[in-house]
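Numbering (the numbering used here), first residue to last: 769 to 957. All remarks here apply to the structure that follows.
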Amino acid sequence: MLGWYPGHMNKARRQITEALPEIDVVIEVLDARLPYSSANPMLAELTRHKPVLKLLSRADLADPERTREWVAFFDAQPETRALAVTTTLARELKRIPRLCHELAGPVRADRDVRVMVMGIPNVGKSTLINGLAGRTIAKTGNEPAVTKRQQKVRIGGRVAVIDTPGVLWPKIEDQASAFRLAASGAIRD
Ligand SMILES: Nc1nc2c(ncn2[C@@H]2O[C@H](COP(=O)(O)OP(=O)(O)OP(=O)(O)O)[C@@H](O)[C@H]2O)c(=O)[nH]1
Ligand SMILES: [Mg+2]
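Spelled out as structure tokens, the structure:
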């Protein structure tokens, strides 16, 4: 596996690190079919001082009972809320701005709550941005590395969200996880 980790992901991770000090809330997008394997430990380390909304995307493709258990598990963690959605259905995203405000706590009245959307490639981050904004501003597609750079969008309700390129981590130790990630489309064919 040595040397597989692409340069664009290094860059994406660096830019996430640079932008993080200004961020109030992180939305970590996970694949509802593989909530454990789609969680990037590198991002968890970067964001451990931020409140986080764990968004389980592709709920339409996952086992509803298992998904409920995962949501309850994440919801019980400190400074963490969880929500399972079919990200392509904008109506399922309506609760997200309010959840971001709750997680952020009080912010100055003259500025937006700043939210950064992050996660592995091809999990639905840009689809989420478009659904929240109510218009197509981010390019989406069923392959990894569609998003090349950060993009900030104000979605109303005093919330601004930043889309980021998908990031994996250099050494995927667990072979079962590597297989699930490949099957989910996070790694190029
Ligand atoms: N079935 C289903 N498909 C989804 C859902 N959310 C996103 N998709 C599809 O998943 C694919 C990837 O979506 P994107 O929003 O481009 O993913 P991304 O995380 O921005 O990907 P990168 O920018 O490459 O990191 C697209 O074909 C979406 O239509 C969902 O909840 N259910
Ligand atoms: Mg994208």
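Glycine included, every Cβ here is placed at the ideal spot set by N, Cα and C. Since the model is a prediction, treat every value here as computed from it, not as a measurement.
Exclusion of asparagine 778 from the 8 Å shell around ligand 1 follows from its C-beta lying no nearer than that to any non-hydrogen atom of the ligand. Shortest gap from the CB of alanine 827 to any heavy atom of ligand 1: under 8 Å. Secondary-structure assignment with DSSP links threonine 915 through no beta bridge to anything. Between the stretch 876-892 and the stretch 916-927, the count of C-beta pairs closer than 8 Å reaches three or more; the two stretches touch.
Per DSSP, serine 825 is one residue of the beta strand (DSSP E) stretching across 820-825.
For alanine 906, the Cβ falls inside the 8 Å cut-off from some heavy atom of ligand 2. Separation of the CB atoms of leucine 823 and valine 853 is rounded to 6 Å, and the pair is thereby assigned contact status at 8 Å. If you ignore the 5 residues before and after isoleucine 791, its C-beta comes within less than 8 Å of the C-beta of Lys818, Arg882, Val883, Met884, Ile930, all in its own chain and listed in chain order. Rounded to the nearest whole angstrom, the CA to CA distance from arginine 866 to proline 889 is 26 Å.
Nearest neighbour of glycine 873 by Cα position, chosen from Glu860, Leu896, Arg926, Lys939, turns out to be Arg926. Aspartate 843 sits in a helix when the DSSP states are folded into three classes. Considering only Trp838, Asp831, Glu833, Asn778, the residue with the shortest C-alpha distance to alanine 807 is Trp838. Residue burial is scored here from C-beta neighbours: asparagine 910 has fewer than 16 other C-beta atoms within 10 angstroms and is therefore classed as exposed. In the three-state reduction of the DSSP assignment, alanine 830 falls in the coil class.
Ranked by how close their Cα comes to the Cα of proline 809, the residues Lys779, Leu871, Glu796 have Glu796 in first place. Short note on aspartate 942: C-beta not closer than 8 Å to any heavy atom of ligand 2. A contact between stretches requires three or more CB pairs, one per stretch, nearer than 8 Å, and the stretch 941-957 fails this requirement with the stretch 895-903. Lysine 907 is positioned such that its CB atom lies no closer than 9 Å to that of proline 933. The alpha carbon of leucine 949 has as its nearest neighbour, out of Phe841, Val914, Asp799, Thr904, the alpha carbon of Asp799.
In the three-state DSSP reduction, threonine 895 falls in the helix class (H, G or I).
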